[in-house]
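These notes are about the structure you will find just below.
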Amino acid sequence: MVFIDEKKQVITLEGELGVLEAESIYREIHFQIDKIKEWDKIILDLREVEKMDSSVFQILLSFYQTYKEKIVFRGFSKEAERVFQLHGLKVKNKKS
């Protein structure tokens, strides 16, 4: 599941994120991208993610590459951090 909170400038992902959820995540972000790109910072909250398919990682990697100066991760797992670093991306992790 994906939830976008404009007021708090947070995109929250939760649950088991497979291929079907990847399409939903992409669609939600795509439809609101004009608002999202105006945010001062973009917090990606991954604290409630149980599993993540590589297709979801690809969406997040692409999103991160486009807005890397604004994106801050909340609740980033060590495994996910390693995947991002393998792609040469520096990860800023907000603890809470």
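Read in the numbering used here, the sequence shown has 70 at position 23, and its numbers run on one by one without any break. All C-beta atoms in this analysis are idealised placements derived from N, C-alpha and C, irrespective of residue type, glycine included. As the structure is a prediction and not an experimental result, all values here were calculated from the model.
Item	Value
Val96 classed as buried or exposed, judged by whether at least 16 other C-beta atoms fall within 10 angstroms	buried
Phe131 versus Tyr111 - alpha carbon distance	9 Å
Inter-residue spacing [alpha-carbon to alpha-carbon] between Glu68 and Asp100	9 Å
Contacts around Glu53, its chain only, beta-carbon distance under 7 Å, and the 5 residues preceding and following it disregarded	Lys82
Neighbourhood of Lys55 by C-beta distance below 8 Å, restricted to the same chain and skipping five residues each side	Ile90
Glu75 Cβ short of 7 Å to the ligand NAP heavy atom set	Inclusion of the ligand NAP in the displayed structure is not the case, the ligand content being empty and no account of it being possible.
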